[in-house]
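Residue numbers (the working numbering): 10 to 150.
Read through the structure below, which is laid out as structure tokens, and then see the notes.
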Amino acid sequence: MLKKRFFISWLLSTLVMMLLSWAWHGIFLNDLIFIPNPVFLFYSLAFLAYITIGFSLTFVYTYLSMGLGIRLKGMFMGMAMGFFIYLIAFVFGISFKGHGTEHLVLDFIWQMMEQGAGGSVIAMVYMLAQNNDLATGKVRN
10 MLKKRFFISW LLSTLVMMLL SWAWHGIFLN DLIFIPNPVF LFYSLAFLAY
60 ITIGFSLTFV YTYLSMGLGI RLKGMFMGMA MGFFIYLIAF VFGISFKGHG
110 TEHLVLDFIW QMMEQGAGGS VIAMVYMLAQ NNDLATGKVR N
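Here it is as structure tokens:
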């Protein structure tokens, strides 16, 4: 059964990953000017992709036990998802600009950091919910 913490962590992680992506591509690399037309379609599909990534990461975090602490679990799951997302983007040739090994490595590292931050947000929400449950005396299954 999905609880409030699932939806809150899903939406917050999606928001954090989208903001980090916008900061990386829009401010630091300034490569959003190279997006294909129509711009509205691109941003709509990007939003859908991040909603899906956020949901997938939250779902996996919620239902997969890794034997790690609550904080490390989110970060490592996010980094793993970032790794696979970048592999998909690489195979399909999705990139705005830049070529060569240096660009690939930098973009790869950033993707892992971005999704790792999303996973950390999920872990933070679950940790706060767990602490709240302990403080109020609620028992979770």
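Beta carbons are placed, not taken as given, at the ideal position from N, Cα and C, and that holds for glycine.
Since we're looking at a predicted model, the values are computed, not measured.
Counting the other CB atoms within 10 Å of its CB gives residue 31 a total below 16, which places it among the exposed residues. The beta carbon of residue 122 lies closer than 6 Å to none in the same chain, with the five residues before and after it left out. By the C-beta criterion, the stretch 35-50 is judged not to be in contact with the stretch 93-102, since fewer than 3 inter-stretch pairs fall below 8 Å. Sequence-distant partners of residue 82 (beyond 5 residues in either direction) whose C-beta falls short of 7 Å from its own C-beta, in its chain, are 70, 75 and 132.
DSSP places residue 56 inside the alpha helix (DSSP H), whose first and last residues are 48-72. Counted as a single uninterrupted DSSP element, the alpha helix (DSSP H) harbouring residue 24 occupies residues 13-31.
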